[in-house]
Structures are given as structure tokens and as C-alpha cells.
Amino acid sequence: MDIPARGRPPFRADHVGSLLRPPPLRQAFRRRASGEITDDAFVRIQDDCIREAVRMQEEVGLEIVTDGEFRRGSYWGRFVERIAGLKIRPALLKFRDDRGEEADFTAPFAVAAMRRTQPLAVDEFLFLSEVTPVTAKITLPAPSTMHFFRFSDFADRHVYADSERFFADLAAAYRAEIADLAGSGCRYVQLDEVAIALLCDDDIRARVKGAGSDPDALLDTYIAAINEAVSAAPAAVIVGVHMCRGNFRGRYLAQGGYDRVAERFFAGTNANHFLLEYDTPRAGDFAPLRFVPSDKGVVLGLISSKTPALESLDELRRRVDEAAKQIALDRLAISPQCGFASTAAGNPLTPEDQRAKLRLVVEAARTIWR
377 MDIPARGRPP
387 FRADHVGSLL
397 RPPPLRQAFR
407 RRASGEITDD
417 AFVRIQDDCI
427 REAVRMQEEV
437 GLEIVTDGEF
447 RRGSYWGRFV
457 ERIAGLKIRP
467 ALLKFRDDRG
477 EEADFTAPFA
487 VAAMRRTQPL
497 AVDEFLFLSE
507 VTPVTAKITL
517 PAPSTMHFFR
527 FSDFADRHVY
537 ADSERFFADL
547 AAAYRAEIAD
557 LAGSGCRYVQ
567 LDEVAIALLC
577 DDDIRARVKG
587 AGSDPDALLD
597 TYIAAINEAV
607 SAAPAAVIVG
617 VHMCRGNFRG
627 RYLAQGGYDR
637 VAERFFAGTN
647 ANHFLLEYDT
657 PRAGDFAPLR
667 FVPSDKGVVL
677 GLISSKTPAL
687 ESLDELRRRV
697 DEAAKQIALD
707 RLAISPQCGF
717 ASTAAGNPLT
727 PEDQRAKLRL
737 VVEAARTIWR
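All letters in the sequence shown, in the order written, are residues 377 to 746 by this note's numbering.
Quick look at the structure:
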């Protein structure tokens with residue numbers, strides 16, 4: 377399949393990456409942790425579940441597939457496991473829902489100099505590319521993921537006295553990983569960027585300021601970190617950046633439109649397209665899309681991965697038409713707003729709900745861009 381021209385969404389129907397883990401896979405994670413099964417047996421179960429997930433994506437008509445992030449406990453978990461120098465500590469923020477309930481989570485913390493001692497996702501791509509004829513997408517957590525969730529205390533200060541060397545070491549790891557992915561044939565890499573979306577939230581910005589940091593300076597730091605991470609990506613590799621306000625069992629971390637970051641982020645980030653959350657009023661309106669440069673595209677995340685309620689095709693068409701007032705229709709695509717399982721626990725949907733949502737993505741794309 378030909379890779380589309382740079383600066384355009386790769387496909388009219390896309391999806392962010394993670395999928396609900398099937399029961400055998402969730403059980404396998406628990407059994408491996410308790411020593412009930414060997415690593416080889418665990419990998420065989422993962423392989424079988426990935427084959428089924430790929431088959432489901434192909435059957436609904438998607439031209440891009442992922443492995444559902446089935447080899448990961450969370451969207452950034454494998455990165456931390458495979459980068460020397462990173463450990464896990466409590467995050468300084470909390471997930472919340474519309475009822476006001478909160479939930480704690482964990483975050484990366486640097487205890488030693490960070491080094492890529494082994495590939496992070498190359499094995500994921502190699503297996504995925506063997507079991508599908510369509511384009512295989514690989515997702516990676518954006519560099520800010522290793523920093524922002526503990527923004528005032530992200531590393532042992534004896535190792536990283538400031539963020540400059542911290543992000544330099546991170547960038548080296550990303551460049552090496554993306555080079556190996558490209559050398560293995562990967563042509564679509566997505567960076568999952570949460571921190572910049574959170575910097576649109578007034579309450580979080582106030583917390584950042586209270587901790588002695590400047591939210592706008594952090595924005596510039598995170599844009600530069602993405603650009604350094606992808607600086608050596610070959611021209612044939614499509615780079616997408618997904619912006620997320622948090623996704624944990626249907627909960628979120630932040631609210632607020634993209635207005636605060638749009639002009640600097642869209643113009644300054646070296647990506648081919650942006651995958652943006654637009655499934656609830658918390659995301660704001662489409663006005664910030666006017667800042668997307670003419671050589672970049674946008675994948676509109678209009679379909680919720682957090683609730684089983686199925687969106688109306690007419691409503692999706694109306695919202696795409698509304699977005700097209702800010703950015704040309706031929707530079708747009710459609711997807712769910714996020715993955716279905718940023719952690720192994722997954723969102724409160726069934727596999728049937730997930731399949732229906734992905735089928736709707738394809739149907740909407742075929743209807744709107746026919």
C-alpha cells in the first residue's frame with residue numbers, strides 16, 4: 377500500500393492505538409507476574425491475541441492497524457522497562473471523572489542517566505508487519521511523558537540537575553529507536569502527547585506555576601523535545617502526534633480547548649499530522665485548527681473510546697463540516713479520540729462496543745470523503 381504524501385493524514389479512517397485486552401491476555405499478565413507461566417508462554421498468548429486484534433481491525437475496513445499495545449501494561453510502560461535509568465513513582469496529578477471522583481496513578485522518574493539499551497518497539501513492529509498486509513502503526517509515548525507527571529520532581533537531582541541534559545538523553549533514545557523502526561520497514565510512528573494538552577487546563581497551569589515552573593516555557597521545551605526525537609526520521613516515515621487529556625478507565629486529567637497552545641504547537645512541531653481529542657465539550661471548539669500549517673493534517677477524534685454510546689453518523693458529518701470551516705476538508709480525517717485501553721484495565725466498553733466504534737470510523741470516513 378502506498379504511503380500518502382507527507383503533510384496529510386495517512387488515512388481518512390485512523391485510530392489511536394490501544395485496544396481492549398481480551399480476558400486471556402489480562403489473565404496472562406497476572407499469571408506471568410505470579411510466576412505461573414513462562415515468558416515464552418506469555419509471548420505466545422500475546423501473539424495469538426494480536427493476530428485476533430489485527431483480524432478485527434481488517435474486518436471493519438481499517439487500512440491502518442496496531443497491535444493494540446498488547447505487549448504493554450500501559451502506553452508508556454514498556455518504554456520505562458526498556459530504558460535504563462527510569463523507575464516508577466506516584467504521579468503528582470490525579471485522574472477524575474464527571475462525578476468528581478478521583479484516582480491516583482504512577483509516573484516515570486529518572487534515578488540514573490537514561491540510556492536505550494535495547495529496542496523499545498521494534499519487536500512489536502516486526503511481528504505486526506508479519507501478520508497484516510495493511511499499514512502497521514507504532515505508538516510511542518512523547519518525551520514529555522517522562523517529565524510532566526512529576527513536573528517539579530522528575531529526576532534525581534544528582535543525576536539531572538536540570539531538564540536540558542534530561543531531554544538530550546531522551547532525544548538520543550528516541551532517535552535510535554525511530555531509526556531502527558524505519559530500518560525495519562515502519563512507515564507510521566505516532567507520539568502520544570499528554571502534557572501539552574494538559575497545559576491548556578487553567579487548574580493544571582496554576583499547579584505548575586505553584587511548583588515554580590512556567591507553563592509556557594514547558595510548552596516550548598516539549599515542542600523542542602518532540603522535534604529532537606524525530607529529527608533523524610527518514611522522509612518516508614509519517615509522524616503523527618496524538619494529543620490526549622488523559623485516558624484511564626473512562627477518566628481524564630484535564631479540560632480546556634487547544635487555544636493556549638495551538639499557534640506555537642501546530643506551527644512549531646515537526647509532524648505530518650495531529651490526532652486531536654474532540655469527543656466532548658471539554659476539548660473546546662475547532663477555532664484553533666486555523667493555526668495548523670497548510671502542509672499538515674488533522675485527524676479529528678470525534679468518536680469516544682470512553683463510553684459505549686454510539687455516535688450518530690449525521691452528527692459526525694456535521695462536526696466535520698464545522699471543522700472544515702477552519703481547515704480544508706481534504707486535510708482532515710476521523711478517529712476515536714483516544715485508545716480504548718491506555719492501561720491494561722481498559723475503558724468501560726465491551727469488545728462489541730469497540731468493534732462498533734471502529735466500524736463507525738470507517739463508515740464515517742467513506743461517507744464524508746467519498
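Every residue gets a Cβ at the ideal spot worked out from N, C-alpha and C, and that includes glycine.
- Going by C-alpha positions, C425 is about 7 Å away from P398.
- Residue state for Q713 is assigned as coil, using DSSP reduced to three classes.
- A Cβ-Cβ distance of about 5 Å is found for the pair F642 and V668, placing them in contact under the 8 Å criterion.
- For P399, the enclosing alpha helix (DSSP H) starts and ends at P399 to A409.
- By the CB criterion at 8 Å, L567 and V617 fall inside the cutoff.
- DSSP places V675 in the strand class (E or B) of the three-state scheme.
- Listed in chain order, the beta strand (DSSP E) elements of length 3 or more contained wholly in the region 689 to 735 are 708 to 712.
- Judged by DSSP in its simplified three-state form, Q422 adopts helix.
- In this structure, the alpha-carbon of P591 lies about 15 Å from that of G633.
- Annotated as distal: M619 and A549, with beta-carbon spacing of 8 Å or more.
- Rounded to whole angstroms, F650 and V674 show a C-alpha spacing of 5 Å.
- Per DSSP, R491 is one residue of the beta strand (DSSP E) stretching across T482 to R492.
- When the five nearest sequence neighbours on each side are left out, the beta carbons in the same chain lying within less than 8 Å of the beta carbon of E653 are those of A573, M619, C620, R621, A659, G677, Q713 and C714, in order along the chain.
- For G461 against A483, the beta-carbon gap comes to about 15 Å, at or over 8 Å, which does not count as contact.
- With 16 or more other Cβ atoms inside 10 Å of its own Cβ, P517 counts as buried.
- If you check the CB distance, A685 and A389 do not come in under 8 Å.
- Listed in chain order, the non-local C-beta contacts of L502 below 8 Å within the same chain comprise S560, local neighbours out to five positions each way being set aside.
- Here L546 carries a helix assignment [DSSP, helix/strand/coil].
- Assigned with DSSP and collapsed to three states, T515 falls in strand.
- If you check the CB distance, Q494 and R454 do not come in under 8 Å.
- Cβ contact annotation for V456 (same chain, cutoff 7 Å, sequence separation greater than five): L462, I464 and P484, in chain order.
- Sequence-distant partners of I599 (beyond 5 residues in either direction) whose C-beta falls short of 8 Å from its own C-beta, in its chain, are I572, R640, F641, G644 and T645.
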